[in-house]
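Trainee:
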Amino acid sequence: MILGADTVVVLDGEILGKPADAAQARRMLRRLSGRTHQVHTAVCLVRAPQHVAAEALETALVTFRDLDEREIQDYIAWGEPFDKAGGYGIQGRASKFVSGLEGSYSNVVGLPVERVAEILKPLLGSEPV
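Residue numbers (this note's numbering): 572 to 700.
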């Protein structure tokens, strides 16, 4: 079984990828401050060698409370933003930024576990993998 997944953060119709540097991370976090954004994760499972595939797209809405410059700077100094879509990881220090979540927490982390289980069942069937 092969599993592939990727996550993007979308604010005002713009995809916020992984920030390249501290300045870009700061801009992203400032934009997310006090706002609601979408987190989309696409998942694809392939059962080899049969080449049977299943795909899914999961979306969650995340709301940030208002952030001040000091906490944005401190968060960036920890180094967390640079390998995460939107410049934050809900499972890390940025959890304190979140004031609301509609949808799957694991989706925002990067792999919607419940959705993966849902699309995995038909691929497994009763045959051994």
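Just so you know, even glycine gets a beta-carbon here, dropped at the ideal spot from N, CA and C.
Keep in mind it's a predicted model, so treat the numbers as computed, not measured.
1) By the 10 Å Cβ neighbour count, where 16 or more other Cβ atoms means buried, how is residue 655 classified, buried or exposed?
2) Are the beta-carbon atoms of residue 691 and residue 616 separated by less than 7 Å?
3) Apart from the five residues on each side of it in sequence, which residues of its chain come closer than 6 Å, Cβ to Cβ, to residue 682?
4) Work out the CA separation of residue 579 and residue 674 for me, nearest whole Å.
5) Comparing alpha-carbon positions, which option in 611, 589, 621 and 595 lies nearest residue 633?
6) Would residue 694 and residue 625 qualify as a contact pair, given that the criterion is a beta-carbon distance under 7 Å?
7) For residue 664, which residues from the same chain have a beta carbon less than 7 Å from its beta carbon, with the 5 sequence-adjacent residues on both sides left out?
Mentor: On the basis of the supplied data:
1) Residue 655 sits at position 84 when you count from the first residue of the sequence shown. So residue 655 counts as buried.
2) Along the sequence shown, read from residue 1 onward, the residue named residue 691 stands at position 120. Along the sequence shown, read from residue 1 onward, the residue named residue 616 stands at position 45. Inclusion of residue 691 and residue 616 in the CB contact set at 7 Å is warranted, their separation being smaller than that value.
3) Numbered from its first residue, the sequence shown carries residue 682 at position 111. Excluding sequence neighbours, residue 682 sits near 576.
4) As a working note, residue 674 is residue 103 in the sequence shown. As a working note, residue 579 is residue 8 in the sequence shown. Rounded to whole angstroms, residue 674 to residue 579 spans 15 Å at the Cα level.
5) As a working note, residue 633 is residue 62 in the sequence shown. Cα-wise, what sits closest to residue 633 is 611.
6) In the sequence shown, the residue the question calls residue 694 occupies position 123. In the sequence shown, the residue the question calls residue 625 occupies position 54. Yes, the Cβ-Cβ distance between residue 694 and residue 625 is below 7 Å.
7) Sequence index remark: in the sequence shown, residue 664 carries index 93 (1-based). Cβ neighbours of residue 664 beyond the five flanking positions: 646, 649 and 651.
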